[in-house]
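Just remember that this note's numbering sits 5 ahead of the position in the sequence shown, which is counted from 1.
The C-beta atom is built at its ideal place from N, Cα and C for all residues, glycine as well.
Computed from a prediction, not measured in an experiment: that's the story for all the values here.
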Amino acid sequence: MKASLKNIVPMILFGVLPLYTQDVLDGIVAIVGDEIILRSEWLQESQGMAAMQRINPATQPAEFNRLKQAVLDNLVSSRVLLAKAEEDTVTVSDQLVQAELESKIQNMVQQLGSEEKVAEYFGKPISRIKKDFFEEQKKLKIVQKVQQEKLQAIQVSRREVEQFYQTLKDSLPQRPPMVKMRHILIEVRPGEEARAEALAKIENIQRRVLAGEDFADLARRLSEDPGSAARGGELGFVERGTLVPEFDEAAFLLQNGEVSDIVETQFGFHLIRMIEHRGDRINPRHILIRLPTSEQDETRTLEKVREIHEKIADTESFAEMARLYSDDGESSARGGDLGWLPKNTLQIREFRMVADTLQTGRVSQPFQTQFGYHLVFMEDREEAGPLRLDTDWDRIQAMALNHKQQEILESWIEELKQNIHIDIREDLL
């Protein structure tokens with residue numbers, strides 16, 4: 006299991022495979038213009054894809070051979086697009102590439118637990134990992150940019166979507182079981198005494214930061230965010246809209262090295278220090294002091310939810326209660342409407358249980374999640390079945406667009422291949 010994981014994880018995160026197993030396998034399997042494809046690259050990517058698709062090369066040789074051919078075709082196509090990019094002087098900035106690398110390395114840090122474990126995994130320090138992967142990541146971004154420039158203006162008409170559906174509907178994926186729910190969220194809010202205590206803590210830390218103490222050191226010792234405290238509060242590079250709104254708004258206003266005023270979110274009080282801006286991404290540190298809730302706060306909130314439950318008689322009254330009381334700002338204006346949701350995409354265990362058991366037209370008993378207490382109204386449900394144009398238009402339209410883009414891209418690459426030297430070394434396949 007561990008051996009296959011070492012092939013899969015880097016491929017997913019970097020778009021390339023580890024560089025440390027090439028010594029025995031190297032040889033050139035293809036030349037595309039001025040670019041080469043190494044046998045090691047081809048075999049490593051084939052093995053990684055086989056592991057992802059659960060193809061055993063030893064027991065499924067025919068399937069593995071077909072997969073290897075598909076991988077080689079894709080590698081050739083990527084080299085053809087690189088040649089086209091060079092011809093058209095398509096470039097990407099080193100800053101963008103570096104930001105992508107930083108983000109992907111941070112993802113690996115989160116998966117493996119620490120920078121030290123990432124370095125151990127690759128057998129080299131983080132700085133060397135960045136250096137080794139930089140050029141491959143740059144090529145990947147250039148290929149993506151060439152594809153995007155070719156495909157970005159492509160659209161599908163209603164007639165094309167309908168024709169796509171009629172032609173391929175028997176091979177389209179099944180629609181999973183769906184539920185249409187409304188919900189009311191009541192957050193558990195701390196009492197004034199606990200709030201004042203937490204505010205006093207963050208104000209004391211703020212004074213120490215302003216007096217010149219090291220922000221990262223204070224985060225390691227005092228922050229109540231277990232996910233970032235050990236890294237000195239560093240969150241890694243994130244895009245706008247990734248963080249909760251209050252944090253996001255405050256963080257993106259900061260200049261490099263600047264420290265925010267105290268920011269309150271659903272998690273508590275924060276101080277934010279900006280490490281670096283890179284285009285539309287930022288890498289902030291933060292110190293969090295949580296707002297603790299007491300048993301009395303929990304009891305008070307549950308009593309409020311029960312009172313709301315007693316007032317609900319039907320869909321209209323549920324929607325009105327959601328507009329009046331729900332703390333979910335995104336859905337409360339819609340009367341708590343969550344829309345149609347595939348049951349298999351519900352991430353919160355308690356919501357999955359309600360989706361499995363609550364009858365249509367009924368209101369759940371109050372239940373608790375990490376966000377607070379909820380009431381759910383089951384408005385409708387549909388069992389699994391074929392995708393339908395009337396209920397699944399957006400999904401079918403996206404599939405039709407992707408299908409059209411793929412056909413255009415493949416046709417374009419075949420045209421480009423006519424104008425570039427391609428030499429496949431059959432003896433090494």
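Spatial neighbours of Arg84 in its chain, beta-carbon cut-off 6 Å, leaving aside the 5 residues before and after: As a working note, residue 84 is residue 79 in the sequence shown. Closer than 6 Å at Cβ, skipping near neighbours: Val37, Glu40.
So, under 8 Å CB-CB, Ile189 and Met326 are touching, yes? Tell me the CB distance rounded to an integer number of Å. In the sequence shown, residue 189 corresponds to position 184, counting from 1. In the sequence shown, residue 326 corresponds to position 321, counting from 1. Correct: roughly 6 Å between the Cβ atoms.
Which runs of the beta strand (DSSP E) at least 3 residues long sit entirely within the region 182 to 214? Give them in chain order. 183 to 191
Based on DSSP bridge pairs, tell me the residues matched to Thr396. Residue numbering aside, residue 396 sits at position 391 when the sequence shown is read from its first letter. Beta-bridge pairing links Thr396 to no other residue.
Among residues of its own chain, excluding the 5 on either side of Ser132, which ones have a beta-carbon nearer than 6 Å to its beta-carbon? Counting from one through the sequence shown, the residue named residue 132 turns up at place 127. Nothing meets the Cβ criterion.
One question on the structure: do Pro371 and Leu307 come within less than 8 Å of each other, judged by their Cβ atoms? One-based indexing of the sequence shown puts residue 371 at position 366. One-based indexing of the sequence shown puts residue 307 at position 302. Yes. Within cutoff.
Own chain, CB closer than 6 Å to Glu208, minus 5 neighbours either side, in chain order: As a first step, residue 208 must be located in the sequence shown, where it is residue number 203. Listed in chain order, the non-local C-beta contacts of Glu208 below 6 Å within the same chain number zero, local neighbours out to five positions each way being set aside.
Looking at Lys348 and Met183, is the spacing between their C-beta atoms short of 8 Å? What you label residue 183 is simply residue 178 of the sequence shown in a count that begins at 1. What you label residue 348 is simply residue 343 of the sequence shown in a count that begins at 1. Taking 8 Å as the Cβ cut-off, Met183 and Lys348 qualify as a contacting pair.
Just to confirm before moving on: does the CB-CB distance between Arg283 and Gly238 stay below 8 Å? Residue numbering aside, residue 283 sits at position 278 when the sequence shown is read from its first letter. Residue numbering aside, residue 238 sits at position 233 when the sequence shown is read from its first letter. No. Outside cutoff.
So, at 6 Å on beta carbons, what are the nonlocal neighbours of Val114 in its own chain, with the 5 sequence-adjacent residues on each side left out? On the sequence shown, position 109 is the one that residue 114 refers to. Residues Glu120, Val123 of the same chain have their beta carbon placed closer than 6 Å to that of Val114, with the five preceding and five following residues left out of the count.
Can you give me the C-alpha to C-alpha distance between Asp428 and Ala63, rounded to a whole angstrom? The residue given as residue 428 occupies position 423 in the sequence shown. The residue given as residue 63 occupies position 58 in the sequence shown. So the alpha carbons of these two residues sit roughly 29 Å apart.
Report the option in Thr298, Val95, Glu420 whose CA atom is closest to the CA atom of Glu197. Sequence index remark: in the sequence shown, residue 197 carries index 192 (1-based). Comparing Cα-Cα distances from Glu197 to each of Thr298, Val95, Glu420, the minimum goes to Thr298.
Please determine, among Glu50, Asp78, Ala88, the residue with the shortest C-alpha to C-alpha distance to Asn424. Start at 1 with the first residue of the sequence shown, and residue 424 comes out as number 419. Asn424 has its Cα closest to that of Ala88, out of Glu50, Asp78, Ala88.
Can you confirm whether the region 263 to 283 touches the region 139 to 152 when touching is taken to mean that 3 or more C-beta pairs between the two stretches lie within less than 8 Å? Taking 8 Å as the limit for Cβ pairs, the verdict is that the region 263 to 283 does not touch the region 139 to 152.
Within its chain, find whatever has a CB closer than 7 Å to the CB of Leu434; leave out the 5 residues flanking it on each side and keep chain order. Working through the sequence shown from its first residue, we reach residue 434 at position 429. Only Val34 meet the Cβ criterion.
Contacts around Glu165, its chain only, beta-carbon distance under 8 Å, and the 5 residues preceding and following it disregarded: Here residue 165 corresponds to residue number 160 of the sequence shown, with the count starting at 1. Same-chain partners within the cutoff: Ala405, Lys409.
Have a look at Phe356 and Leu48 and give me their C-alpha separation to the nearest angstrom. Position 351 of the sequence shown, counting from 1, holds the residue named residue 356. Position 43 of the sequence shown, counting from 1, holds the residue named residue 48. Going by the C-alpha atoms only, they are around 43 Å apart.
Give the range of the beta strand (DSSP E) segment to which Pro347 is assigned. Counted from its first residue, the sequence shown places residue 347 at position 342. Taken as a continuous stretch (DSSP letters only), the beta strand (DSSP E) holding Pro347 covers 342 to 347.
Alpha carbon to alpha carbon, what distance is there between Leu394 and Glu192? On the sequence shown, position 187 is the one that residue 192 refers to. On the sequence shown, position 389 is the one that residue 394 refers to. If you take the alpha carbons of Glu192 and Leu394, they lie about 38 Å apart.
Considering only C-alpha positions, which residue in the set Pro130, Gln149, Gly53, Gln58 is nearest to Val97? In the sequence shown, residue 97 corresponds to position 92, counting from 1. Considering only alpha carbons, the answer is Gln149.
Ignoring anything shorter than 3 residues or poking outside the region 251 to 310, list the beta strand (DSSP E) runs there in chain order. If only uninterrupted beta strand (DSSP E) runs of at least 3 residues are considered, those enclosed by the region 251 to 310 are 268 to 270, 273 to 283, 286 to 295.
Coarse secondary structure for Val161, derived from DSSP in three states: On the sequence shown, position 156 is the one that residue 161 refers to. It is coil, neither helix nor strand.
Is the Cβ of Leu101 closer than 8 Å to any Cβ of chain C? Absent from the structure is chain C; it holds one protein chain and no more.
Once DSSP output is grouped into helix, strand and coil, what is the label at Arg133? Working through the sequence shown from its first residue, we reach residue 133 at position 128. Looking at Arg133 - three-state DSSP - the assignment turns out to be helix.
CA-to-CA distance, Lys129 to Ile110, given in whole angstroms: By one-based count along the sequence shown, residue 110 stands at place 105. By one-based count along the sequence shown, residue 129 stands at place 124. Their Cα atoms are separated by approximately 13 Å.
8 Å contact criterion, which Phe272 and Leu259 should meet: CB distance rounded: As a first step, residue 272 must be located in the sequence shown, where it is residue number 267. As a first step, residue 259 must be located in the sequence shown, where it is residue number 254. With a Cβ gap of about 19 Å, Phe272 and Leu259 do not count as contacting.
Using only the alpha-carbon positions, how far apart do Ala235 and Arg200 sit? Taking the sequence shown and counting its residues from 1, one reaches residue 235 at position 230. Taking the sequence shown and counting its residues from 1, one reaches residue 200 at position 195. Rounded to whole angstroms, Ala235 to Arg200 spans 25 Å at the Cα level.
Looking only at DSSP bridge pairs, what is Tyr378 linked to? Here residue 378 refers to the residue found at position 373 when the sequence shown is read from its first residue. Paired residue(s): Ile191, Gln373.
Considering only the beta carbon of each residue, do Pro195 and Asp302 sit closer than 8 Å? The count along the sequence shown starts at 1 and reaches residue 195 at position 190. The count along the sequence shown starts at 1 and reaches residue 302 at position 297. Yes; because the gap between Cβ atoms is below 8 Å, this pair is in contact.
Under the rule that 16 or more other beta-carbon atoms within 10 Å means buried, what is Ile401, buried or exposed? As a position in the sequence shown, residue 401 is number 396, starting the count at 1. Buried: at least 16 other Cβ atoms inside 10 Å.
Do you know how far the Cα of Tyr126 is from the Cα of Tyr170? Position 165 of the sequence shown, counted from the first residue, corresponds to residue 170. Position 121 of the sequence shown, counted from the first residue, corresponds to residue 126. So the alpha carbons of these two residues sit roughly 45 Å apart.
Name the two residues that bound the continuous beta strand (DSSP E) containing Ile353. Looking up residue 353 in the sequence shown gives position 348. DSSP places Ile353 in no beta strand (DSSP E); its state is neither H nor E.
By the DSSP assignment, the beta strand (DSSP E) with Ile429 in it spans what residues? In the sequence shown, residue 429 corresponds to position 424, counting from 1. Per DSSP, Ile429 is one residue of the beta strand (DSSP E) stretching across 427 to 429.
8 Å CB neighbourhood of Lys155 in its chain, flanking five on each side removed: Residue mapping note: residue 155 aligns to position 150 of the sequence shown, counting from 1. Ile413, Leu414, Trp417, listed in sequence order.
Within 10 Å of its beta-carbon, does Asp230 have 16 or more other beta-carbons around it, so buried, or fewer, so exposed? For the purposes of this step, residue 230 is taken as residue 225 along the sequence shown, with counting starting at 1. Buried.
Applying the criterion that 16 or more other CB atoms from any shown protein chain within 10 Å of the CB defines a buried residue, is Val243 buried or exposed? Translated into the one-based positions of the sequence shown, residue 243 becomes position 238. Val243 is buried by the Cβ-count criterion.
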